[in-house]
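J.: Just so we're aligned, residue 0 is where the sequence shown starts under the numbering used here, counting upward by one.
Heads up, the beta-carbon is just placed ideally off N, CA and C, and yes, glycines get one too.
Below is one structure. I have some questions about it.
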Amino acid sequence: MRVRRRARIIALQALFEIDMSNHNPVVVLNERFSEKELTPEGEAFARALVMGALEHQQEINALIERIAPEWPVEQIAGVDRAILRLAICEIVYIGQTSPKVVINEAVELAKIFGSDSSRRFINGALGALMAQLPTLPAPHSAVQHEN
Numbered sequence: 000m001r002v003r004r005r006a007r008i009i010a011l012q013a014l015f016e017i018d019m020s021n022h023n024p025v026v027v028l029n030e031r032f033s034e035k036e037l038t039p040e041g042e043a044f045a046r047a048l049v050m051g052a053l054e055h056q057q058e059i060n061a062l063i064e065r066i067a068p069e070w071p072v073e074q075i076a077g078v079d080r081a082i083l084r085l086a087i088c089e090i091v092y093i094g095q096t097s098p099k100v101v102i103n104e105a106v107e108l109a110k111i112f113g114s115d116s117s118r119r120f121i122n123g124a125l126g127a128l129m130a131q132l133p134t135l136p137a138p139h140s141a142v143q144h145e146n
């Protein structure tokens, strides 16, 4: 499995746990890293995704409300919410990977971890994000990705 895919899986699992249990993000990430074999580059990428999603959670939630207005953020399934937050963070704040690749990776995560309808929901929401992206204000700050 590719390094970035593995890092995204770990980031998803960590963000889901943090969201559901309110555990300390640093502790959760360190536990995940000790359980899974991941390169230093992969760890840095997973950490950037999780910490960026948490740092910009209010802005990301506002974007989710714009792209999926019929779904209040707290009513979205926890896995789907975590996938959306990570993908939006990667597209809007990290910006190192093509949005098409990020969307494809998010859909793959939804297939693995989500419900039967997750794939379509994630794809539709992120497609709406890409349609609105040119009209959105620039992000306040970019997340730094350590290499």
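Determine the closest residue to isoleucine 66 out of Gly77, Ala52, Leu14 and Arg84, with distance taken between C-alpha atoms.
T.: Answer by Cα proximity: Arg84.
J.: Between alanine 47 and leucine 14, is the Cβ-Cβ spacing less than 7 Å?
T.: Contact flag unset, no.
J.: With H, G and I counted as helix, E and B as strand and the rest as coil, what does DSSP make of alanine 76?
T.: It is coil, neither helix nor strand.
J.: Would you be able to state if there are at least three C-beta pairs under 8 Å between the stretch 21–33 and the stretch 115–125?
T.: No: fewer than three Cβ pairs fall under 8 Å.
J.: Assuming alanine 45 contacts alanine 10 under a Cβ cut-off of 8 Å, what Cβ separation, rounded to an integer in Å, is found between them?
T.: Contact holds; Cβ gap of about 4 Å.
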